[in-house]
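In terms of the working numbering, the first sequence is numbered consecutively and its last residue is 272. We treat Cβ as the ideally placed atom computed from N, Cα and C, and that holds for glycine. This report concerns only the one structure given below.
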Amino acid sequence: MAKKQHTSGSFATAVRGVVQHIPRGRVMSYAAVAAAAHFPGAARAVGTLMRQNFNPTVPCHRVIRADGRLGQYNRGTEQKRQRLEREGVQIKNGRVLGTV
DNA sequence: TAGCTGACGCAAA
DNA sequence: ATTTGCGCCAGCT
């Protein structure tokens, strides 16, 4: 019976699922992802995971800061901004709009 | 086992 | 409006 992978705890799994479910043209803050993953307050941990995460199945570039800023990115904030804009996310003066 | 770091968040100045 | 400091959580050494 396929044992569970000990790749981190359920935390990583939950976060990955949430980020994976982020529709195109939409962005979620680290805190929002953490809360959606049932880990409220673990915004930092989310970032820590994203940094370690190298899964192309997880559009980590769609995860931004709660302030509306892009935040950091493995490939550089510039690439992140370009990718988000290409996805349909409007960015004004470095701030992401559409943050309902 | 314990401690440090870090793609964050929020409050205060 | 902008900048500085502290706090919180999980992961890694």
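Across which residues does DSSP place residue i in a beta bridge pair?
i, result
"Arg267", "Lys264"
"Val235", "Met200"
Run the CB neighbour count on residue i, radius 10 Å, all protein chains shown included, and call it buried at 16 or more, exposed below.
i, result
"Lys176", "Confidence is the limiting factor: at Lys176 the pLDDT is only 42, short of 50, which leaves the residue's position unreliable and the question unanswerable from this model."
"His193", "exposed"
"Ser201", "buried"
"Lys264", "exposed"
Could you spell out where the alpha helix (DSSP H) holding residue i opens and where it closes?
i, result
"Gly240", "Where Gly240 is concerned, there is no enclosing alpha helix (DSSP H), given that its DSSP letter is neither H nor E."
"Phe183", "182-192"
Beta carbon of residue i, beta carbon of residue j: below 9 Å?
i, j, result
"Val218", "Val199", "no"
"Pro228", "Val191", "no"
"Ala186", "Phe226", "no"
"Arg241", "Val261", "no"
Suppose the cutoff is 6 Å on Cβ atoms and the five residues either side in sequence are ignored; what does the same chain contact list for residue i look like?
i, result
"Gly243", "Ile236, Arg237"
By Cβ distance, which residues of its chain are closer than 7 Å to residue i, with the 5 residues on each side in sequence left out?
i, result
"Gly197", "Glu259, Gly260, Val261"
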